[in-house]
Amino acid sequence: MPDSSNIQQNTASVEQRIDAIEAMFEARGMKAREAIDEFEHTIEEKWIPENGARVVAKAWTDPEFKKRLLANGRAAVGELGLTMPPHHRHLVVKENSPTLQNVICCTLCSCTAFSIIGLPPDWYKDLEYRSRIVRQSRTVLKELGLDLPESIYIRVWDTTADTRYMILPVQPEHTKGWSEEELAKIVTKDAMIGVARL
Amino acid sequence: MDGVHDMGGRQGFGRVRHSPKAQTFHEPWEKRVNALYSLAVRLGIFNMDEYRHAIERMEPRHYLSASYYERSLTSLATLCVEKGIFTREELERYAQGQVPLSLPIGPGRANVATRQKFKIGDRVRVRNEHVSGHVRAPGYTRGKAGVVVDITPAYPFPDAHAHGIHAEDEPTYDVRFNAEELWPNSADKAHVHVGVFESYLERA
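Top line first, the protein sequences correspond to chains A and B. Just so you know, the first sequence maps onto residues 2 to 199 in this note's numbering. Just so you know, the second sequence maps onto residues -7 to 196 in this note's numbering.
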């Protein structure tokens, strides 16, 4: 084993490592810079939680759309012009109720329906959430500020295949009669992950 | 593989460092990592199963101490070297230092030939199997019984797809487990739903 302080000293920083890969891709005509610019545009303009918020607001106000959404999520979000990467073949939407809280996770890595609910937040990808949410769901939700009464049952969805999940929150009573646009503004990424109720 | 990445149900971890305004990225280099591994997937250099498995192959101390995007970066660098896009020497020359890579890949496996079809309502058990390569059945489900509550579209079998072995598409079953049966006497009451590939299941 080499001395670990020696490794530390000679290890390239993460910036140097990605600089190197970018430069080598560029030198091979793989258009790295273009891909980076495009990605930055995509994450700021396209893969945003406002997409999922529109889906939720539509489902709250249009019962027929909600039926289609629960039956085939991918096709239904397509009606709103929303798309998913080819390898996400299926979007499963799980509806919360006054007696049920659904929550999503990925214990093996960090899978999410990122083009619909936005890229996963840092804590979703952390070891603490991945290890504990499946086993200590009620405790973890409480720590995250969602203290559920015993009358609310919990279902955890571990994203182990490329089927992706999103949660349809319960519409708050005081928002009945609001427009889709107004409703979309109150829907958060946390609510679509299932760690918050609105 | 029974790697440290298989986190579900591990004990000893503390509070989730949650914030309602949590970000996805914290440093500009992280976006470049995400952009370039996505580019590599689009160019067909590797697929998402190979990408995930290369993260799992990281030396465990490195995996646990690396940030999320350093893990992505290590997978990208490892696969580009393994696929011959550049050599480790060239990478380290460009990077002006050593670049830690994942450990070498082991054997994968093809779809299980004797796999059975299941229908909604069937009671199933996750086979008591230990594989050295990529696998998408979390360790906490191994040998455990649950009920098929839904069937979702077919995907390439990851144990093969991550290893360059011909991967047939096979259905995944939404299997509902009871948390108290997964971890008797030491879990909060809940249902845990897992998308389980057909090859991982047997009738219970």
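Every residue gets a Cβ at the ideal spot worked out from N, C-alpha and C, and that includes glycine.
* **Neighbour list for GLY89(B) in chain A, Cβ cutoff strictly below 8 Å** => Result: ASN11, THR12, ALA13, SER14 and GLN17.
* **Sequence-distant residues of its chain with Cβ nearer than 8 Å to ALA185(A) (five each side left out)** => GLU51, ALA54, ARG55, VAL57 and ALA58
* Asked: Just how far apart, CA to CA, sit ARG75(A) and CYS110(A)?
  -> 22 Å
* Asked: Among the residues of its own chain, which have a CB less than 7 Å from the CB of ASN7(A), if the five just before and after it don't count?
  -> With a pLDDT of 48 at ASN7(A), under the threshold of 50, the modelled position of that residue is not reliable, and the figure given next carries that caveat. Cβ neighbours of ASN7(A) beyond the five flanking positions: none.
* Asked: Are the beta-carbon atoms of TYR60(B) and HIS(-3)(B) separated by less than 8 Å?
  -> no
* Asked: Which whole-angstrom value is the C-beta distance of THR144(B) and VAL93(A), which I expect to be below 8 Å?
  -> 7 Å
* Step through the CB atoms of chain A and report whether any lies within less than 8 Å of the CB of VAL139(B). => no
* Asked: For LEU169(A) versus GLU96(A), is the C-beta distance shorter than 8 Å?
  -> Yes. Within cutoff.
* Which chain B residues sit within Cβ distance under 7 Å of ALA72(A)? -> Result: empty, since nearest Cβ-Cβ is about 11 Å, beyond 7 Å.
* Spatial neighbours of THR140(A) within its chain, please: CB distance less than 8 Å, with the 5 preceding and 5 following residues excluded, ordered by chain position. => For THR140(A), same chain residues with a beta-carbon under 8 Å away, outside a window of 5 residues either side, are ARG133 in chain order.
* On a CA-only basis, which of VAL127(B), ASP161(B), ALA159(B) and ALA152(B) is nearest THR161(A)? Give me that one, please. => VAL127(B)
* Asked: So is GLY113(B) buried or exposed if we call it buried at 16+ other beta carbons inside 10 Å?
  -> exposed
* To do: Report the three-state DSSP secondary structure of GLN221(B) (helix, strand or coil).
  => Nothing about residue 221(B) can be reported from this structure: the residues present for chain B run from -7 to 196 only.
* Asked: So what's ARG75(A) in DSSP terms, helix, strand or just coil?
  -> Correct three-state label for ARG75(A): helix.
* By Cβ distance, which residues of its chain are closer than 7 Å to TRP175(B), with the 5 residues on each side in sequence left out? -> GLY1
* Does the beta carbon of MET2(A) sit closer than 8 Å to a beta carbon anywhere in chain B? -> Confidence is the limiting factor: at MET2(A) the pLDDT is only 47, short of 50, which leaves the residue's position unreliable, though a coordinate-based value still follows. Not one chain B Cβ lies under 8 Å of MET2(A).
* Does the Cβ of SER14(A) have 16 or more other Cβ atoms within 10 Å, making it buried, or fewer, making it exposed? -> exposed
* Asked: Which runs of the beta strand (DSSP E) fall wholly inside the stretch 107 to 173 of chain B and span at least 3 residues, in chain order?
  -> 115 to 118, 137 to 148 and 161 to 170
* To do: Can you say whether GLN172(A) is buried or exposed, counting buried as having 16 or more other CB atoms within 10 angstroms of its CB?
  => That one is buried.
* Give me whichever residues DSSP pairs with ASN103(A) in a beta bridge. => ARG156(A)
* **Residues of its chain near ARG156(A), where Cβ-Cβ distance is below 6 Å and the 5 sequence neighbours each way are ignored** => ASN103
* Whose C-alpha, out of TYR43(B), GLY89(B) and ASP(-6)(B), is nearest the C-alpha of GLN1(A)? -> Since the first and last residues shown for chain A are 2 and 199, residue 1(A) lies out of range.
* Asked: If you measure from the beta carbon of ASP123(A) to each beta carbon in chain B, is any gap under 8 Å?
  -> yes
* Asked: Hey, is the stretch 34 to 47 of chain B in contact with the stretch 66 to 86 of chain B, meaning 3+ C-beta pairs nearer than 8 Å?
  -> Contact between the stretch 34 to 47 of chain B and the stretch 66 to 86 of chain B is present, with at least three C-beta pairs closer than 8 Å.
* Using a beta-carbon distance below 8 Å, is HIS42(A) in contact with chain B? -> no
* HIS91(A): which of PHE110(B), THR164(B) and GLU172(B) sits nearest, CA to CA? -> When the alpha-carbon of HIS91(A) is set against those of PHE110(B), THR164(B) and GLU172(B), the nearest one is in THR164(B).
* Asked: What first and last residue would you give for the beta strand (DSSP E) that runs through GLU194(B)?
  -> 193 to 195
* **Proximity to HIS158(B) [Cα-Cα], best of VAL91(B), VAL104(B) and VAL139(B)** => Selected option, being the one with the closest Cα: VAL104(B).
* Asked: Nearest chain A C-beta to MET(-1)(B) closer than 8 Å, yes or no?
  -> yes
* Quick one: residues in its chain with C-beta nearer than 8 Å to the C-beta of GLU172(B), no 5 flanking neighbours on either side, listed in chain order? => ALA179 and LYS181
* To do: Compute every distance between the C-beta of ARG156(A) and the non-hydrogen atoms of the ligand GDP, then say whether any falls below 7 Å.
  => The ligand content of the structure shown is nil, which means the ligand GDP is not present either.
* **Own chain, CB closer than 8 Å to MET2(A), minus 5 neighbours either side, in chain order** => Its pLDDT being 47, under 50, MET2(A) is placed unreliably in this model, and the value from its coordinates should be taken loosely. Taken in chain order, the list of residues that qualify is empty.
* Asked: Taking Cβ-Cβ distances shorter than 8 Å, what residues in chain B pair up with ILE37(A)?
  -> LYS23, ARG24, ALA27 and LEU28
* Specify the secondary structure class of THR70(B) as computed by DSSP and reduced to three states. => helix
* **Given PRO150(B) as reference, the closest of VAL141(B), ASP142(B), ASP161(B) and VAL140(B) once Cα atoms are compared** => ASP161(B)
* **Strand pairing of LYS95(A), partner residues [DSSP]** => ILE168(A)
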